[in-house]
Amino acid sequence: MALIGREEGTLVTDIGRVRRIMPFIMPGRNGAQVFFEQMVDARPAERFLESANPKRPPERPITVFHLVLRAIGLGLTTFPRLNRFVVGSRLYQRDGIWLAFSAKILLDRDAPVFTVKIPFDAAEPLEGMVDRVYSALGAGRSGRQSATDRELRFFLALPTPLLRAGVRLLRWLDAYNLLPASFVRNDPLYASAFIANLGSVGLDAPFHHLYEYGTIPIFVAQGRRHRAPVVQDDGSVVAREVFVLRYTYDERIEDGFYAARALERVRSVLESPTQTVEDAVPATPIMSGTARR
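Read in order, the letters of the sequence shown are residues 0 to 292 in numbering that gives the first Met the number 0.
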C-alpha cells in the first residue's frame, strides 16, 4: 500500500479485477509488453512541410519528427487511458502529457546522447511546440549540466556496491511514492512516452524494450523514409514514400483495442496534417470504449 500520493499522477481505482491483478502477475514492464507497427504515408507530411517551412526561420524548420511528436501528443489527449502508468503494482493516471526523446550533442558517430522531456499541450499551435523542442535541444547541446546530470554524476561516483544499494533504495522509495519530487519532475524516464527518431540517422525502426526504471509505458521508434509497395483500395499496387512507426507498450495500463484506436488517431493526424496538425484542440477525450477487464 502506498504511503502518500504520487507527484505526477492520481491512483486509478475504477478498474476491473483482471487489470488490477495484472501488475502482480506481470511485475515488470517487459513481461507485459505488446508490439504494434504502422506504415505511414509520408507524402501528406512532405507536402505540408513544403508549404509551412518557407515561413519558418531556416535554422528551425518543422520536420516529420515534430509532426510525429504532435500526433502522439494528440493521440494521448484523445485517448487518455493510455496516459497511465504502473508503479508499486498500482495503476495511476498521469497528470499532464510529457514526451521524452533523445538526441546527439553533435552529428558524429562518437558524440554522446542526451535525453529531453517536454510537456505537451493540445491547445498550443504546432509552431509553438516546435520552438520549444528546438529550445530544449539547444539547452541539451549547450554543455550545461541539468539536474539529472548532477544526480547521475553523484551516483556514478559511488563504489559499485553502494551504487547497487542506492538503485534498490530508489526503486523501493518509488514503489511507495516516497521518491523526492525533484527526481520525478526532472527525469526523462518519468514521461508519457519516449520517442526515438532512428530515421534521422538513416536507420529502420526497431521494436525497443521498455525501461523498468521510471514510469514510461510506451516507446515509439520512427524509421527512415523509404519507398515501399502499397496496395490501394482498387487492389492495384504502387510504390510510395513511407516511414514506419513501431510501438512497444505496457499492456497493464490498457487493453489492445483501446490502444489500437489511439494509434489510428496518430496515423490519421500524420496522413492529414493540414487539417489536424494545424487544428490545436483535438476531439473529445475517449475514456470508454472497451469492457473492463
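The C-beta atom is built at its ideal place from N, Cα and C for all residues, glycine as well.
Since the structure is predicted, the reported quantities are computational estimates derived from the model, not experimental observations.
Residue from the options whose Cα sits closest to the Cα of residue i
i, options, result
"glutamate 211", "Val85, Ser271, Leu269 and Asp120", "Val85"
"alanine 192", "Val219, Ile14, Arg19 and Thr273", "Val219"
"tryptophan 92", "Tyr189, His208, Gly201 and Ser267", "Per the sequence presented here, residue 92 reads as glutamine, with tryptophan not at that position. Of the listed residues, the one whose Cα sits closest to glutamine 92 is Tyr189."
"arginine 59", "Asp94, Glu7, Val129 and Leu68", "Val129"
"glutamate 36", "Glu150, Arg245 and Glu6", "Arg245"
"arginine 184", "Trp97, Pro124 and Val17", "Trp97"
"arginine 28", "His65, Ile61 and Arg83", "Arg83"
"arginine 5", "Phe153, Asp94 and Ala156", "Asp94"
"glycine 222", "Val67, Glu7, Pro56 and Asp173", "Val67"
"alanine 174", "Arg163, Pro26 and Phe154", "Pro26"
CB contact flag (residue i, residue j, <9 Å)
i, j, result
"serine 101", "phenylalanine 119", "no"
"alanine 258", "valine 33", "yes"
"aspartate 249", "proline 216", "yes"
"threonine 247", "leucine 197", "no"
"isoleucine 61", "glutamate 123", "no"
"valine 236", "alanine 204", "no"
"arginine 266", "alanine 70", "yes"
"alanine 121", "glycine 72", "yes"
"threonine 273", "phenylalanine 47", "yes"
Any non-hydrogen atom of the ligand ATP within 8 Å of residue i CB
i, result
"serine 50", "The ligand ATP is not among the ligands present in this structure, which contains no ligands whatsoever."
Residues near residue i in its chain [Cβ-Cβ closer than 8 Å; skip 5 each side]
i, result
"valine 241", "Met38, Val39, Asp40, Ala41, Arg224, His225, Arg226, Ala227 and Val229"
"alanine 238", "Arg226, Ala227, Pro228 and Val229"
"leucine 157", "Gly165"
Contacting residues, own chain, Cβ-Cβ under 6 Å from residue i (five flanking each side not counted)
i, result
"alanine 261", "Gly74, Phe78 and Leu81"
"arginine 264", "Gly74 and Thr77"
"glutamate 270", "Asp40 and Pro43"
"threonine 275", "Val268"
"valine 63", "Ala44"
"glutamate 207", "It should be pointed out that residue 207 corresponds to histidine in this sequence rather than to glutamate. For histidine 207, where only same-chain residues beyond five positions count, the Cβ hits under 6 Å are Phe218, Ala220 and Thr247."
"methionine 21", "Arg251"
Contact belief for residue i with residue j at Cβ below 8 Å, rounded distance in angstroms
i, j, result
"lysine 116", "proline 179", "About 17 Å separates the two Cβ atoms, so there is no contact after all."
"valine 17", "histidine 65", "That pair is no contact at about 38 Å."
"serine 88", "phenylalanine 23", "6 Å"
Close Cβ partners of residue i (< 7 Å) along its chain, the five nearest in sequence each way excluded
i, result
"glycine 234", "none"
Practice problem: Report yes or no: do the stretch 167-175 and the stretch 120-136 share at least 3 C-beta pairs separated by less than 8 Å? | Solution: no
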